[in-house]
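Report on the following structure.
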Amino acid sequence: MYKADAPFPVYCHECWWSDKWNPLDYGMDYDFDLPFFEQFRQLSEKVPRASSYETKNVDCNYCNYCTHSRGCYLLFGSWFDENCGYGQTVLESKECWDCLFLKKCELCYSSSDLVQCSQVHFSQNCSNCIDSMFLYDCRNCQNCLFSWNLRNKNYHIFNQPVSKEKFNEFKTELLNFRDVLEKNWREFKKSVAEKAIHKYMTGERNHDVSGELIYGSKNVKNSYYIHDGENEKYAQRGGVGQKDSMDVFGCHSGELIYECNSVDFSSRCLFGSNAENNVNVSYAIDCEHANNAFGCIGLRKKEYCILNKQYDEKTYKELLPKITAHMDTLPFSDNRGRIYKYGEFFPPELSPHAYNESIAQEWVPLKKDDAVKLGYAWDSAEEKSYEPTKNWRDLPEINKADNGILSEIILCQDWDENKEKAQNHKCTKAFRIIQNELSFYKRFGIPLPRKCPNSRYFELSELRNKPNFWPRSCMCEIKNHAHGAKKCENEFETSYSPDRPEIVYCETCYQQEVS
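Numbers 1 to 515, taken from our numbering, label the letters of the sequence shown in order.
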């Protein structure tokens, strides 16, 4: 995940996890004449980094921020998965492709925000559904197509019951021809926006929460995509069981975590990134099973360390408060004159990544000039030099595709039709299909993709609401609801902006109408 000009050595996983090097060999004495972050920068330029962030994976060589998984390909920010590909935030799932934000799913495709679904394709915000396609906000449904707001239904198309024979006939026609599928997909998205009832906040089994996509949580405020969280605030992409934490991103099964990214199974950790099983660790990166460490990189099973130098317990506890006080009396000033004291996350200029090559560009898109003004680096991507061997227009239907397609370099439709849009979506210009992927398409009769994985990813992610919230009131005017003849007056904060076309209900009206 690091460019060739990264300021530090980059090791393959086998070497990084081996005993051939010792992180303590790079230890530094703390210098009270230099700001802490300047010393951390010096340490950062010496300590080797792993080529990508992975732990406890098997055969997942092209994944990043992916842990405890097996046989996955181009998966990001995911854990405990098996044979999944082209996904982000896929949790405890098997054989899912082109999916975002899944939990405990299997054999799903091109879908987002699914929980405990099997063989569900082209769908969003569903749980406990089986053998279905093109669903929105459905629960406990089986053999359903192009439907929304369904509960406990079987054999439905466009929200209407049909016979098993008609269902199978329609599904076969749909899958045999890519153009038919895409036409129905466009119509379905339009119907969902105009006809489906949208609850003001996606989530269930919660108590006293605010935000979007929150499940089974208690006292979680202003947060986004949280499962089984408790006492959290300003949290995003939270894994199962995170507790008593604030300002965290991608943290899983920990407690008392503050201003951290991808710090899992840890306790009392501050201002850190990429870590597992740490206790009392601050300002650390890539540390595993560390206890009582400050300003360290790459530690494994170490304790009482500062800037990768190990101390005895007494000396460590005497030195640490002096350092935190020193961070206030001699703060770090970045290249734009902004001051960083103790309690601030790492300055942006210490990041090895440019703003537009990180996930930040997806959540808070910036133009180059704006990013540079804020102190972020910007990457000017080089155009790919490879030449496609097959145009996306010439792809065969899936029932005629053979293994010969695996050797083709396929021109991406987005690059061909709208290069500017493609570049904004990090389009790779062309792509290939791998064996496991082709087998999946053939098994379910899914047409071959015409766009590269990055373009497909952005297309799917644009269907999801971002973590931005607006004050609104319920739109329900149904007279037999609790509010009677007048319009419901319940107010809330929602990720649906007032200028959007969706019908947005409060919790009470939604439950009365949909459940």
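C-beta atoms are modelled at their ideal positions from N, C-alpha and C, and glycine is treated no differently. Computed from a predicted structure; not experimentally measured.
Check, Outcome
"Integer Cβ distance of T494 from F469, believed to fall under 8 Å", "6 Å"
"Separation of N280 from G27, as counted between CA atoms", "19 Å"
"Member of L460, K421, N424 and N399 whose CA lies at the smallest distance from the CA of S439", "N399"
"Backbone secondary structure at W470 - three-state DSSP", "strand"
"Assigned secondary structure, T389 (DSSP; H/G/I helix, E/B strand, else coil)", "coil"
"Any alpha helix (DSSP H) of 4 or more consecutive residues that is wholly inside the stretch 178-259", "178-195"
"Burial state of P7 (16 or more Cβ within 10 Å)", "exposed"
"Backbone secondary structure at P321 - three-state DSSP", "helix"
"Entirely enclosed alpha helix (DSSP H) segments - the stretch 320-389, minimum 4 residues", "360-363 and 368-373"
"Enclosing alpha helix (DSSP H) for N291 [first to last residue]", "Segment N291 to F294 is the beta strand (DSSP E) holding N291; no alpha helix (DSSP H) there."
"Where the alpha helix (DSSP H) containing A422 begins and where it ends", "K419 to N424"
"Reference E328, options F37, S223 and D19, closest by Cα", "Note on residue identity: the sequence assigns Asp, not Glu, to residue 328. Of F37, S223 and D19, the residue nearest in Cα terms is F37."
"The beta strand (DSSP E) enclosing W79, as first and last residue numbers", "Y73 to W79"
"Touching by the beta-carbon criterion (3+ pairs, under 8 Å), the stretch 362-378 and the stretch 395-413", "no"
"Buried versus exposed call for C96 [16 or more other C-beta atoms within 10 Å across all chains shown]", "buried"
"From E288, R464, P48 and E318, residue whose alpha carbon lies closest to that of Y225", "R464"
"Reduced DSSP category for C15 - H, G, I as helix; E, B as strand; rest coil", "helix"
"Local conformation of D394 per DSSP, three classes", "helix"
"Helix, strand or coil at S52 [DSSP, three-state]", "coil"
"Extent of the continuous beta strand (DSSP E) run through R519", "As displayed, the chain neither begins before 1 nor continues past 515, which places residue 519 out of reach and without an answer."
"Check whether P274 and S262 have beta carbons under 8 Å apart", "Note on identity: in this sequence residue 274 is Asn, with Pro being the wrong assignment. Result yes, Cβ atoms of N274 and S262 sit closer than 8 Å."
"Burial state of Q160 (16 or more Cβ within 10 Å)", "exposed"
"Inter-residue Cα distance where the pair is A203 and Q242", "The question names Ala, but residue 203 is Gly in the sequence shown. Straight-line Cα distance between these residues: approximately 17 Å."
"Residues of its chain near N206, where Cβ-Cβ distance is below 6 Å and the 5 sequence neighbours each way are ignored", "I214 and S217"
"Touching by the beta-carbon criterion (3+ pairs, under 8 Å), the stretch 446-457 and the stretch 425-435", "yes"
"Beta-carbon spacing of I583, Y316 below 8 Å", "Lying outside 1 to 515, the shown extent of the chain, residue 583 is not represented and no answer is given."
"Stretch-stretch touch, CB-based, cutoff 8 Å, three pairs: the stretch 136-154 with the stretch 166-174", "yes"
"Presumed contact (8 Å Cβ cut-off) between E259 and F345, rounded CB distance", "5 Å"
"Span of the beta strand (DSSP E), counted from its first residue to its last, around C66", "N64 to T67"
"Best match in D247, P498, S473 and G445 for proximity to Y109 [C-alpha to C-alpha]", "G445"
"CB contact flag (N490, S473, <8 Å)", "yes"
"CA nearest to the CA of C476, picked from L460, V504 and S461", "V504"
"Span of the beta strand (DSSP E), counted from its first residue to its last, around E276", "S273 to E276"
"Where the alpha helix (DSSP H) containing K94 begins and where it ends", "Taken as a continuous stretch (DSSP letters only), K94 belongs to no alpha helix (DSSP H), as it is neither H nor E."
"Start and end residues, alpha helix (DSSP H) containing T428", "First-last for T428: undefined, no H or E at that position."
"Contacts around D247, its chain only, beta-carbon distance under 7 Å, and the 5 residues preceding and following it disregarded", "Y234, Y258 and E259"
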